[in-house]
Amino acid sequence: MALNIPRSPFLNFSERPSLSLKMMRVGALLTLVFVGIALLAPLFQMMGVLQNPTEFLDNPPHDPPSVSHWFGTTSLGYDVFSRTLFGSQAALQVVVLATALSLIIGVPLGMVSGYLGGRLDRFLLFIMDTIYTLPGLLLSVTLAFVVGRGVLNAAIALSIAYVPQYYRVVRNQTVSVKTELFVEAAQAMGASTWRVLSRYLFLNVIQSVPVLFTLNAADAILTLGGLGFLGLGLPDDVAEWGHDLRQALDALSTGGIWWTALFPGLAMTLMVIGLSLLGEGLNELTDRHKS
2 MALNIPRSPF
12 LNFSERPSLS
22 LKMMRVGALL
32 TLVFVGIALL
42 APLFQMMGVL
52 QNPTEFLDNP
62 PHDPPSVSHW
72 FGTTSLGYDV
82 FSRTLFGSQA
92 ALQVVVLATA
102 LSLIIGVPLG
112 MVSGYLGGRL
122 DRFLLFIMDT
132 IYTLPGLLLS
142 VTLAFVVGRG
152 VLNAAIALSI
162 AYVPQYYRVV
172 RNQTVSVKTE
182 LFVEAAQAMG
192 ASTWRVLSRY
202 LFLNVIQSVP
212 VLFTLNAADA
222 ILTLGGLGFL
232 GLGLPDDVAE
242 WGHDLRQALD
252 ALSTGGIWWT
262 ALFPGLAMTL
272 MVIGLSLLGE
282 GLNELTDRHK
292 S
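For any residue, its number in the numbering used here is found by taking its place in the sequence shown, counting from 1, and adding 1.
This is the structure we're talking about:
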């Protein structure tokens, strides 16, 4: 007797992929390219393929793109190609750390709040809704003033704005799932709150978290660029796209010096597009899985 086993949408390769799933492949490819660049940039520097992004004394200022400097040089003589590639490393370090901090804080709070309910739930909802109503960039700028510049400080400044998003998504899922029969059966058998949360609820309430993670990462790159443009992101000796764009602003007004702004801006745009397309594709896969 043959078993009629339903196929998961994640594994159903016979279906013709939709446009968003096709674009997800493009986004995944772009994201992997930037991850590879971030990981291999120090190795390329050791091999002599890339210049040190913080060295500038031996380079002519505002040298246009050439064989010796593929993306040209800045007003101080920094190699734009090297700083653009190393900028992906700084962006990934801060963004991954920021989104991970948001996830680590928001997911447990959402599960506990949704499962226990009561005054704790109302209190956390009030706090998270208050934070959620504040503009993300304004909140990050304010926190950056307080905590100062640096990779960890920038990650903290970015992460606070994303905690309510993880909290709200996970809390709503927990409120919905905790009334299921398997949860009530576990409670009737005397399972502790920790056991119910970790074993029966966790995997059922985090299905949308990867989607939120990628979309928040794309937004965090833009916010980090804004902080760098305002001089509140990473230290000046770290190659970062927002800081380089701010330095390129004066050169744009002189006319003809386009490369100092084009390449860091293009790298930031492509990385944001890649993560956004990846997130949208994951969102469609999640919706198919739920249906």
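Using N, Cα and C, we set each Cβ at its ideal position, and we do this for glycine too.
_Exposure of Ser-277, with buried meaning 16 or more beta-carbon neighbours within 10 Å_ = buried
*Give a yes or no on whether the C-beta atoms belonging to Met-162 and Ala-145 are separated by under 9 Å.*
Met is not the amino acid found at residue 162; the sequence shown has Ala there. No. Outside cutoff.
_Neighbour-count burial assignment, Asn-217, 16 or more Cβ in a 10 Å radius_ = buried
*Run through the stretch 186-257 for me and flag every whole alpha helix (DSSP H) of 4 or more residues, listed as ranges in chain order.*
203-206, 210-230, 242-255
*For Asp-59, name the three-state secondary structure that DSSP assigns.*
coil
*Of the residues Leu-33, Leu-271, His-70, the one placed nearest Asp-80, counting alpha carbons only*: His-70
*asked:* If you measure between the beta carbons of Ser-114 and Arg-172, is that distance less than 9 Å?
replied: yes
*From Phe-72 to Ala-240, what distance separates their C-alpha atoms?*
15 Å
*Just how far apart, CA to CA, sit Phe-11 and Val-164?*
Bear in mind that the predicted position of Phe-11 carries a pLDDT of just 43, short of 50, making it unreliable; the figure below should be weighed with that in mind. The straight-line gap from Cα to Cα measures roughly 28 Å.
_With distance defined between alpha-carbon atoms, name the residue in Ala-92, Leu-253, Met-269, Leu-125 nearest to Ser-108._
Strictly speaking, residue 108 in this sequence is Val, with Ser absent from that position. With distances taken between Cα atoms, Val-108 lies closest to Leu-125.
*Please report the residue range of the alpha helix (DSSP H) in which Leu-125 lies.*
119-134
*How would you call Trp-260, buried or exposed, if buried means at least 16 neighbouring beta carbons within 10 angstroms?*
buried
_Residues in the same chain with beta-carbon distance under 6 Å from Gly-229, minus the five sequence neighbours each way, listed in chain order, please._
Glu-241, Gly-243, His-244
*Please work out which residues of its chain come closer than 6 Å, Cβ to Cβ, to Pro-177, disregarding the five sequence neighbours upstream and downstream, and give them in chain order.*
The sequence given here places Ser at residue 177; Pro does not occur at that position. Result list for Ser-177: empty, nothing under 6 Å.
*Consider the Cβ of Val-97: report whether some Cβ of chain D lies at a distance smaller than 9 Å.*
Any reference to chain D falls outside this structure, which holds one protein chain only.
_Local conformation of Thr-74 per DSSP, three classes_ = strand
*Contact check, Gly-78 vs Pro-65 under 8 Å by CB: the rounded distance?*
That pair is no contact at about 13 Å.
*What span of residues does the alpha helix (DSSP H) with Ser-141 cover, start to end?*
137-148
*asked:* Here's a check: name, in chain order, each residue in its chain whose Cβ is nearer than 8 Å to the Cβ of Val-27, leaving out the five neighbours to either side.
replied: Gly-275, Leu-278
*asked:* Measuring alpha carbon to alpha carbon, tell me which residue in Val-170, Asp-237, Gly-280 is nearest Ser-103.
replied: Val-170
_Enclosing alpha helix (DSSP H) for Thr-180 [first to last residue]_ = Looking at the DSSP string, Thr-180 is not in any alpha helix (DSSP H), and its letter there is neither H nor E.
_Using the Cβ count rule (16 or more neighbours within 10 Å means buried), how would you classify Pro-54?_
buried
_Own chain, CB closer than 7 Å to Thr-85, minus 5 neighbours either side, in chain order_ = Phe-72, Phe-264, Pro-265, Ala-268
*Round the Cβ separation of Thr-175 and Leu-139 to the nearest angstrom and send it over; I've been treating them as touching at under 8 Å.*
About 30 Å separates the two Cβ atoms, so there is no contact after all.
*Start and end of the alpha helix (DSSP H) containing Ser-19?*
Premise fails: Ser-19 is in no alpha helix (DSSP H) and is neither H nor E.
_Closest residue to Phe-35 among Asn-60, Gln-90, Ser-160, Thr-74 (Cα-Cα distance)_ = Gln-90
*asked:* Does the distance between the C-beta of Phe-45 and the nearest non-hydrogen atom of the ligand MG fall short of 8 Å?
replied: This structure lacks the ligand MG; in fact it carries no ligand of any kind.
*How about Val-96 and Ala-221: are their beta carbons less than 9 Å apart?*
yes
*asked:* Considering only their Cβ atoms, is the gap separating Arg-196 from Ala-189 smaller than 9 Å?
replied: no
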